[in-house]
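For reference, the structure is listed below as C-alpha cells.
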Amino acid sequence: MKAAVIVFPGSNRDRDMLMALERAAGKPALAVWHGETDFEPVDLIVVPGGFSYGDYLRAGAMAVHSPIMREVAKRAGAGVPVLGVCNGFQILTEAGLLPGALLRNACLKFVCRDIHMKVETAQSLFTAGYESGQVVRVPVAHHDGNYFADDETLDRLEGEGRVAFRYCTQEGDFDEAANPNGSIRHIAGIYNETKTVLGLMPHPENATDPQLGGTDGAALFDGLVAALH
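In our numbering, the protein residues as written are 958 to 1186.
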C-alpha cells in the first residue's frame, strides 16, 4: 500500500501518521505539502490532525482552500480512499466530502485523554481489521470535536450504515460520561456514501506502538494494508 499524508501549516500529527503508516505497510508514506497541486498516484490519502492555519476563522475552514485540496477532492471522487483524523475530519466536512460539522466541545474545553469507542461495522476498508461491536481504546486531543448534523442527515447515516465509530464506555455502553465532546448520538466517526472516505476525531495513529501505551489503533492501518496491497 502506498499512502500520502497531506501536511498543512499547523499540522501536528502528520509525523505520527507517517510513522503509523510505515509501521503497518513496511515502507515510508509520502508527505505532501498543502501548497502542491498534484502528487504521484497513491492507494490512500490521509488528512492528519493538528490545527491547520491555527484554527483561525473556524477549524478546517482555511485548509479546505489550500491548492492540494482540489486534487484530494478529485481523487476522492474517483474512488481513492481518504482518511481524515481530528483536524482532518474537520477539513473533510468543510470540503463537503463528509456531511455535518464539528462544533466546540460541549464542555468548552480542550480534551486530551484516552477514550473508548465502539466499531459499528467491520464492513469497510477502514475497519476490516476489527470486529463489528468491538470496543477499542485510543486517545483524543481536540477542542472542536462535537459532531453535529440535522436529524435527516443523522437518520440517513444510521440507515445506510455510515456511522463508523461511537464513543462508549469500556464495556461498550453509551452514556454521556463516556462522550468526551458531546457529539450527537455519540458519533466519533462517519463514512461517505461509498465508505471510501472516513472521518473520525480520535487518533488511531497514536495507538499503534506498545511503548506509547496501546495498540488498538493498529488494526485500522493493518486492515488498510491488507485491503489495498
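Using N, Cα and C, we set each Cβ at its ideal position, and we do this for glycine too.
Inside the segment 1086–1165, DSSP marks whole beta strand (DSSP E) runs of 3 or more residues at positions 1092–1099, 1103–1105, 1120–1125, 1144–1148, 1154–1157, from first to last along the chain. Leucine 1040: member of the beta strand (DSSP E) spanning 1039–1042, first to last residue. Rounded to whole angstroms, the Cβ separation of alanine 1085 and alanine 1184 is 6 Å, and the two are in contact under 8 Å. Counting along the chain, alanine 988 sits inside the beta strand (DSSP E) bounded by residues 987–990.
Apart from sequence neighbours up to five positions away, the residues of its chain that approach valine 1003 with a beta-carbon distance below 8 Å are Ala960, Ala961, Val962, Ile963, Met974, Leu978, Ala986, Val1039, Leu1040, Gly1041, Val1042, Gly1045, ordered along the chain. Judged by beta-carbon spacing, tyrosine 1148 lies beyond the 8 Å limit of methionine 1074, meaning their Cβ atoms are not closer than that value.
Going by beta carbons, valine 1021 and alanine 988 fall outside the 8 Å limit.
For asparagine 1136, same chain residues with a beta-carbon under 7 Å away, outside a window of 5 residues either side, are Tyr1124, His1143 in chain order.
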